[in-house]
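J.: Sequence order for the protein chains is A and B. Straight run, no breaks: the first sequence in the numbering used here ends on number 113. Straight run, no breaks: the second sequence in the numbering used here ends on number 114.
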Amino acid sequence: GAGVSQSPRYKVAKRGQDVALRCDPISGHVSLFWYQQALGQGPEFLTYFQNEAQLDKSGLPSDRFFAERPEGSVSTLKIQRTQQEDSAVYLCASSLDRGQPQHFGDGTRLSIL
Amino acid sequence: AQSVTQLGSHVSVSEGALVLLRCNYSSSVPPYLFWYVQYPNQGLQLLLKYTSAATLVKGINGFEAEFKKSETSFHLTKPSAHMSDAAEYFCAATTGTGANNLFFGTGTRLTVIP
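1) Can you give the beta carbon distance from A/GLN6 to A/GLY107, rounded, assuming they're within the 8 Å contact cut?
2) Taking only beta-carbon positions, decide if B/ASN61 is within less than 8 Å of chain A.
3) In the DSSP assignment, what residue or residues form a beta bridge with B/LYS78?
4) In chain order, what residues of the region 45 to 62 of chain A put their CB closer than 7 Å to some CB of chain B?
5) Could you please give the first and the last residue of the uninterrupted beta strand (DSSP E) stretch that includes B/GLN38?
6) Using the C-alpha atoms, what's the distance from A/SER111 back to A/ALA88?
7) Can you give me, in chain order, the residues of the region 77 to 110 of chain A that have a beta carbon less than 7 Å from any beta carbon in chain B?
8) Using a Cβ cut-off of 8 Å (strictly closer), state whether B/LYS69 contacts chain A.
9) Tell me which residues of the region 79 to 92 of chain B have at least one Cβ-Cβ distance to chain A shorter than 8 Å, keeping chain order.
10) Which word fits B/TYR32, buried or exposed, when buried means at least 16 other C-beta atoms lie within 10 angstroms of its C-beta?
11) Note the first and the last residue of the continuous beta strand (DSSP E) segment covering B/LYS58.
12) So B/ASN24 contacts chain A; which residues on that side make the cut at Cβ distance below 8 Å?
13) In the DSSP output, what is B/ALA93 paired with across the bridge?
14) Alpha carbon to alpha carbon, what distance is there between A/GLN84 and B/LEU47?
15) Taking 8 Å as the CB-CB cut-off, is A/GLN36 touching chain B?
16) As a quick exercise: from B/ARG109, B/ASN101 and B/PRO114, pick the residue whose alpha carbon is nearest that of A/GLN50.
17) Let me check understanding here. Comparing Cα to Cα, which of B/VAL57, B/GLU66, B/LEU76 and B/SER27 lies closest to B/ALA93?
18) Can you tell me the Cα-Cα spacing of B/ALA81 and B/HIS10, whole angstroms?
19) Given a cut-off of 8 Å, decide if B/TYR89 and B/GLY62 are closer than it, judged by their beta-carbon atoms.
20) Measure from the alpha carbon of A/PRO70 to the alpha carbon of each residue in A/ARG64, A/GLN54 and A/ALA38, then state which is nearest.
21) Checking contacts by CB at 8 Å: is B/THR108 closer than that to chain A?
22) Per the DSSP calculation, A/ILE26 is bridged to which residue(s)?
23) Could you confirm whether any beta carbon from chain A is found closer than 8 Å to the beta carbon of B/GLY105?
24) Classify B/LYS69 as helix, strand or coil using the three-state DSSP reduction.
Set out below in structure tokens:
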């Protein structure tokens with residue numbers, strides 16, 4: 001069966017450019033999470049959706065980060081005016097419902113030059 | 001606040017030897033605890049989870065972990081290491097309330113020596 005799919009797998013952008021990262025969760029999964037994993041670190045929580053509602057965005061590092069899930073399925077993480085410190089792997093995870101195990105995608109490796 | 005500490009960023013074992021990866025948590029509420037494995041350029045795969053049922057949890061690939069409340073620990077073990085076990089391992093916790101987002105440790109890289 002299909003797992004969590006993220007695209008692109010790799011993204012290189014110049015400082016100041018806007019980027020958009022896509023996440024296709026497992027079909028039927030209500031909960032969706034975004035995490036940021038810096039090199040050599042564990043993933044850190046960014047934001048959480050229950051269906052289309054963004055219930056927690058406390059982990060977003062600045063107002064340059066924006067996430068949406070308009071139809072309760074596919075989600076997009078957008079970073080505006082990228083900075084070098086935004087370079088990281090961005091992981092998306094989905095779960096059947098709140099409290100259920102999270103299934104992770106392979107991530108998008110973002111490099112800001 | 002929830003936090004997870006993994007002691008030892010790198011662990012090396014010989015093939016066939018015992019694997020022991022350490023994880024301690026701090027929490028003001030009983031946590032749900034998880035171990036994930038990450039292979040290079042891949043996402044995280046769930047090995048096992050503790051959700052307040054049995055304290056000894058068995059997972060995939062022969063791994064198991066024991067929840068010890070008195071020690072606030074959830075160490076991961078495997079009796080006999082295999083070459084394919086070489087990867088990064090992350091301990092994670094969630095409170096089981098609210099968003100249920102995971103709090104991760106910094107990871108332990110396991111090397112298996114032939």
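Idealized CB from N, CA, C, for every residue including glycine. If you're wondering where the values come from, they're calculated on a predicted model, not measured in any experiment.
T.: On the basis of the coordinates in this document:
1) 6 Å
2) no
3) B/VAL19
4) PHE45, TYR48, LEU55 and ASP56
5) 32 to 38
6) 7 Å
7) LEU91, ARG98, GLY99, PRO101, GLN102, PHE104, GLY105, ASP106 and GLY107
8) no
9) PHE90 and ALA92
10) buried
11) 56 to 58
12) Near B/ASN24 there are no residues of chain A at all, since even the closest Cβ is about 14 Å away, more than 8 Å.
13) B/LEU33 and B/PHE103
14) 33 Å
15) no
16) B/ASN101
17) B/SER27
18) 15 Å
19) no
20) A/GLN54
21) no
22) None; A/ILE26 has no bridge partner.
23) yes
24) helix
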